[in-house]
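Quick notes on the structure that follows.
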Amino acid sequence: MVKKYWLVKSEPAEFSIEDLAQSKNKTTCWDGVRNYQARNFIRDEMKIGDEVLFYHSNTDPNAVVGYCKVVKETYTDHTQFDPDNKHYFPKANPENPPWVMVDIKLVKMFKNRVTLSAIKENYKLKDMKLVQRGNRLSVMPVTNKEFDEILKMGNIN
DNA sequence: GCCAACGTTGGC
DNA sequence: GCCAACGTTGGC
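Count along the first sequence starting at 1, add 191, and that's the number in our numbering.
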């Protein structure tokens, strides 16, 4: 099976990589995704062992701040049934819940955070979905090359 | 805070 | 099925 590579976005005010580092086993369920395209990636393509860039959005500076591994594959996102949860989805049918999630575990925080502007300046990364116009997906695929280039820029070693 | 670019909703 | 209105994302 071929390993895939991903990028997930999170607003650090909601859930930052520091929060992930302090989570039990440095692992969290990636709940709250409410976009069908992103859901399809999570449900159909994210597999255990896939590697995931962790991106901070809506902050200053926006940046890839580390990377993770998928440690649990698609299962029901319980928050869709919880009226008190921000991501409550009243139309969710318990028989066939639309929203799923995976668990990701922190592998490494970057020494050098890879900012959005640095990504835009790197011609090797010009095709990343992240920097393409109008892209709002919170979960998106990246290529093996893009993933390696970001790790290099992050100076993980 | 602004606003472009989307995605979703709901009337028809 | 169309499409206007509305809500959200997310960079700046």
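Yeah, the Cβ is synthetic: ideal placement off N, Cα and C, and Gly gets one too.
Residue 308 (DSSP reduced to helix, strand or coil): Counted from its first residue, the first sequence places residue 308 at position 117. Residue state, collapsed to three classes: helix.
Does the distance from the CB of residue 194 to the CB of residue 297 come in under 7 Å? Counted from its first residue, the first sequence places residue 194 at position 3. Counted from its first residue, the first sequence places residue 297 at position 106. No.
Between the Cα of residue 263 and the Cα atoms of 315, 221, 211, 205, which residue gives the shortest distance? Translated into the one-based positions of the first sequence, residue 263 becomes position 72. Of the listed residues, the one whose Cα sits closest to residue 263 is 221.
Rounded to whole angstroms, how far is the Cβ of residue 303 from the Cβ of residue 346, which I believe are closer than 8 Å? Counting from 1 along the first sequence, the entry for residue 303 is found at position 112. Counting from 1 along the first sequence, the entry for residue 346 is found at position 155. Right, the Cβ-Cβ distance comes to about 5 Å (below 8 Å), so this counts as a contact.
What's the C-alpha gap between residue 250 and residue 286? Within the first sequence, residue 250 is the residue found at index 59, counting from 1. Within the first sequence, residue 286 is the residue found at index 95, counting from 1. Each residue's Cα considered, the two are about 38 Å apart.
Taking 7 Å as the cut-off, decide whether the C-beta atoms of residue 331 and residue 293 are in contact. Working through the first sequence from its first residue, we reach residue 331 at position 140. Working through the first sequence from its first residue, we reach residue 293 at position 102. Cβ atoms of residue 331 and residue 293: not closer than 7 Å.
Here's a check: name, in chain order, each residue in its chain whose Cβ is nearer than 6 Å to the Cβ of residue 202, leaving out the five neighbours to either side. In the first sequence, residue 202 corresponds to position 11, counting from 1. So the qualifying residues of the chain are 248, 249.
Which residue from 224, 244, 234, 208 puts its Cα closest to that of residue 335? The residue you call residue 335 lines up with position 144 of the first sequence. Of the candidates 224, 244, 234, 208, the one whose C-alpha sits nearest the C-alpha of residue 335 is 244.
Within the continuous alpha helix (DSSP H) that includes residue 280, where are the two ends? Working through the first sequence from its first residue, we reach residue 280 at position 89. No alpha helix (DSSP H) contains residue 280, which DSSP labels as neither H nor E.
Bounding residues of the alpha helix (DSSP H) (the contiguous stretch that carries residue 314): Mapped onto the first sequence, residue 314 falls at position 123. Note, residue 314: premise wrong, no alpha helix (DSSP H); not H, not E.
Helix, strand or coil for residue 335 per DSSP? Taking the first residue of the first sequence as position 1, residue 335 is located at position 144. Residue state, collapsed to three classes: helix.
Boundaries (first-last residue) of the alpha helix (DSSP H) holding residue 229: One-based indexing of the first sequence puts residue 229 at position 38. Its alpha helix (DSSP H) spans residues 227 to 231.
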